[in-house]
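I have placed the structure first, in the form of structure tokens, so that the comments after it can refer back to it.
Number of protein chains: 2
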Amino acid sequence: MAKTNLYVLGSGIYSGLHLSIETVQALRACQTVFLLHDDKMVFEAIKEFCSDVRDLLELYQDTQKERRQIYIEVADRVVNECKTGKTVALMVHGNPMFLVSACEYTIEFAREQGLNAKVLPAISSFDTILCDLEIDLGYGVQIFDPESMIANDWTPNPKVPLLLFQLAQFRNAFLIKVPPKSLSLAPLSKWLCQFYPPDHQCKLLHSGAHILENGTKLNVSLKELCHHQDLDLGNRPTLYVPSID
Amino acid sequence: MAKTNLYVLGSGIYSGLHLSIETVQALRACQTVFLLHDDKMVFEAIKEFCSDVRDLLELYQDTQKERRQIYIEVADRVVNECKTGKTVALMVHGNPMFLVSACEYTIEFAREQGLNAKVLPAISSFDTILCDLEIDLGYGVQIFDPESMIANDWTPNPKVPLLLFQLAQFRNAFLIKVPPKSLSLAPLSKWLCQFYPPDHQCKLLHSGAHILENGTKLNVSLKELCHHQDLDLGNRPTLYVPSID
Chain A
1 MAKTNLYVLG SGIYSGLHLS IETVQALRAC QTVFLLHDDK MVFEAIKEFC SDVRDLLELY
61 QDTQKERRQI YIEVADRVVN ECKTGKTVAL MVHGNPMFLV SACEYTIEFA REQGLNAKVL
121 PAISSFDTIL CDLEIDLGYG VQIFDPESMI ANDWTPNPKV PLLLFQLAQF RNAFLIKVPP
181 KSLSLAPLSK WLCQFYPPDH QCKLLHSGAH ILENGTKLNV SLKELCHHQD LDLGNRPTLY
241 VPSID
Chain B
1 MAKTNLYVLG SGIYSGLHLS IETVQALRAC QTVFLLHDDK MVFEAIKEFC SDVRDLLELY
61 QDTQKERRQI YIEVADRVVN ECKTGKTVAL MVHGNPMFLV SACEYTIEFA REQGLNAKVL
121 PAISSFDTIL CDLEIDLGYG VQIFDPESMI ANDWTPNPKV PLLLFQLAQF RNAFLIKVPP
181 KSLSLAPLSK WLCQFYPPDH QCKLLHSGAH ILENGTKLNV SLKELCHHQD LDLGNRPTLY
241 VPSID
């Protein structure tokens, strides 16, 4: 088996406390870890396992850039370091293969360079939301990014529970520096009302991501979604749309 | 905040190596841990954090029992111990809120007794499958247990990728002691062929669950599904049905 040159890793959701034993071992095997995470405690936690941790948040300073451009820069930087012969990791928030485009670019660029990349699983926001809801949605659930759902005309089945992630990024390809207003969700609310009654009761869920931060749950109907004062989209919440019986 | 009497925990998928820092801390806070897991190395790993670990696999000796009955016995046993005033955990394979009915019963019974239960997230088979596939399905995916899908007439949208879990339990409410034959999936294959062409190419995926065990991927068409010699349903694989473009 060839030596792994690049580990693509996730911290899980709750600060550094979701790190797995396997992921810690991968961090220990690396000379350099690139970190894409907004929690300074994760930076400190990872420093215990690798002395050279590099914060990628500086790439997020230029608010005029499209997010996609930043993800490509992340991938370039990680793969270039890897090409020097080091064992390198990219660590992101959540599960690296759940709604983190930078990881997909990094793996693609690494493979193009003949590097041996390995992705390790981590706790995702899907996992924390199941636990926050205390509902086992494994028997049937639809997961969508609303932008992709509408662009691809992916019609949801209203008989099956639905989770919508990445509400804050909806209709915005640029960096999110100021949390969007609830009115930005008007096209989503309208689209969903084709399949559900406007007064269908949903929950806006945010899982605690930093130490001392509690998760939140807010009851909201589909028609209220784009007028509600307390959505706090900057928190990157998820919308749970229960099934229609 | 009231003291937590009961932690509902998951080991993740890959032996004891997916345990998170948070979950280890919960194990340390417990006087007794009940373990529902078929990997002896997980038992050994947990012994490091709690001296009283009790293996629940003995409840699985009677092959004449329906699985549902065993899950209720698990919940009874855990909650009864908790009622003595101890802090107790139930630990299962994967994420406790992803396709583990015993956890749902345990939480329900604990709440009925006025106990304070807390569920912590863990790495699920959904997480490992995303990493095994190296495809970020977070933009759109349907997750179903095939038994529930057909019973509820939950029609999949063929334009959206589909993951089917729990193939081995399909049409069988009893304990799985002998791995079912691929022919047991005939009704599933027939049902899916209403929505997909019979030669639609899928992947049967099994994530490594024990140390030294590698994951497997098998290409299989929907029509081959119930005749294929190498399905190995005893491994509890997942079927990935790509979207139709």
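Residue numbers (full-length UniProt numbering), protein chains in the order written: chain A, 1 to 245; chain B, 1 to 245. A virtual CB, placed ideally from N, CA and C, is assigned to each residue, including glycine.
Reducing DSSP to helix, strand and coil, say where residue i ends up.
i               : result
R54 of chain B  : strand
E134 of chain B : coil
V178 of chain A : coil
T32 of chain B  : strand
G234 of chain A : helix
T87 of chain A  : coil
V100 of chain A : coil
K65 of chain B  : coil
N80 of chain B  : helix
L59 of chain B  : helix
S125 of chain A : helix
K3 of chain A   : coil
A209 of chain B : coil
K47 of chain B  : helix
K40 of chain A  : helix
Would you list the one or two residues that DSSP bridges to residue i?
i               : result
V141 of chain A : B:I143
V24 of chain B  : None; V24 of chain B has no bridge partner.
G94 of chain B  : B:G12
V241 of chain B : B:L162
T216 of chain B : B:H206
A117 of chain A : A:L6
Would you mind giving the Cβ-Cβ distance between residue i and residue j, rounded to the nearest angstrom? I have them listed as a contact below 8 Å.
i               : j               : result
E66 of chain B  : A173 of chain B : 5 Å
L163 of chain B : I129 of chain B : 7 Å
W154 of chain A : G140 of chain B : 5 Å
L231 of chain A : S182 of chain A : 4 Å
D127 of chain A : A89 of chain B  : Wrong, their Cβ atoms sit about 18 Å apart, outside the cutoff.
F49 of chain A  : R28 of chain A  : 5 Å
In terms of alpha-carbon separation, which member of the options lies closest to residue i?
i                      : options                           : result
N157 of chain B        : A:N80, A:Q142 and A:T106          : A:Q142
A110 of chain B        : B:S124, B:T84 and B:A122          : B:T84
M149 of chain A        : A:I46, A:F170, A:K203 and A:K86   : A:F170
T216 of chain A        : A:V53, A:Q229, A:T238 and A:L222  : A:T238
S15 of chain B         : B:K86, B:I46 and B:K223           : B:I46
T87 of chain B         : B:I21, B:G94, B:H93 and B:V78     : B:V78
S207 of chain B        : B:E48, B:L133 and B:L27           : B:L133
V33 of chain A         : A:N80, A:M91, A:A122 and A:E108   : A:M91
P96 of chain B         : B:Q113, B:F144, B:K118 and B:C82  : B:K118
N80 of chain A         : A:D232, A:S101, A:G94 and A:L115  : A:L115
V8 of chain B          : B:N235, B:Q113 and B:C103         : B:C103
P187 of chain A        : A:K223, A:E213 and A:A209         : A:K223
K40 of chain B         : B:E73, B:R28 and B:L17            : B:L17
V24 of chain A         : A:G10, A:H37 and A:L36            : A:G10
P242 of chain A        : A:H228, A:A75, A:C202 and A:G234  : A:C202
Q69 of chain A         : A:Y105, A:K159 and A:D245         : A:Y105
C82 of chain B         : B:K3, B:Q229 and B:P180           : B:K3
L225 of chain A        : A:D199, A:R28, A:L27 and A:E58    : A:D199
residue 249 of chain A : A:Y196, A:E73 and A:N5            : Residue 249 of chain A is absent from the structure shown; chain A starts at 1 and stops at 245.
D145 of chain B        : B:S101, B:D76, B:L120 and B:K177  : B:S101
G12 of chain A         : A:S189, A:P197, A:Y196 and A:I211 : A:I211
H227 of chain B        : B:R236, B:P180 and B:Q194         : B:P180
E213 of chain B        : B:L57, B:E58, B:S221 and B:N235   : B:N235
K177 of chain B        : B:V53, B:E48, B:Y240 and B:D38    : B:D38
H93 of chain A         : A:D76, A:L120, A:C30 and A:L204   : A:L120
L185 of chain B        : B:L6, B:L233 and B:P161           : B:L233
C30 of chain A         : A:Y240, A:S51 and A:L36           : A:S51
What I want to know is whether the C-beta of residue i ends up closer than 8 Å to one or more non-hydrogen atoms of the ligand NAD.
i              : result
D55 of chain A : This structure lacks the ligand NAD, and indeed carries no ligand of any kind.
Quiz item: Which ranges would you report for the alpha helix (DSSP H) in the region 145-207 of chain B if only whole runs of at least 4 residues count?
Solution: Listed in chain order, they are 146-151 and 186-192.
Practice problem: Could you please tell me which residues of the region 135-168 of chain B, in chain order, have their CB closer than 9 Å to any CB of chain C? | Solution: The structure shown contains no chain C; the protein chains it does contain are A and B.
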